[in-house]
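Numbering (the numbering used here), first residue to last: 31 to 169.
Take a look at the structure below.
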């Protein structure tokens, strides 16, 4: 792909993402963040398998940052025990992602993927039927 075509494709992707974010409600934004973190974890695993250390580290760092954003969005006062449990899980996910990078461990990346996928499936299942605060994330 030519550099000009790649730049145009990247601009299109950015515009598309921006449009989706602007139209999303709070529940959908959390879904998008979870999907983004999962994508970064999966890309990090691929880069790990390919021996691309810098790319692996970059994508793990990106996943950690996204999870930190999810953690910051928790409404621990209104979310009660669910928010507390999600907070602990997000802390654990950040820790195992850091360890995965330090140890070059695909197993730890797989664990992070599995745990976050489970949370995302539950989040997707509740849809817009439950107020965001009931699930622990603020609006």
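Note that CB positions come from ideal geometry on N, CA and C, so glycine has one too.
CA-CA distance, residue 78 to residue 96, rounds to 20 Å. Here residue 74 is near residue 139, since their CB atoms are less than 8 Å apart. Annotation for residue 31: no alpha helix (DSSP H) segment contains it, and DSSP assigns it neither H nor E.
Distance check between residue 103 and each of 135, 124 and 60 places 60 closest, using alpha-carbon atoms only. Across the structure, residue 31 and residue 111 are spaced so that their CA atoms are roughly 50 Å apart. Counted as a single uninterrupted DSSP element, the alpha helix (DSSP H) harbouring residue 109 occupies residues 106-133. When beta bridges are read from the DSSP output, residue 167 appears opposite 104. Judged by DSSP secondary structure, residue 66 falls within the alpha helix (DSSP H) whose first and last residues are 56-79. Ranked by Cα distance from residue 136, the options 119, 81, 157 and 34 are led by 81. Scanning its chain for C-beta atoms nearer than 7 Å, with the 5 sequence neighbours on each side dropped, one finds around residue 124 the residues 94, 97 and 98, in chain order.
Spanning the alpha carbons of residue 147 and residue 34 requires a straight line of approximately 35 Å.
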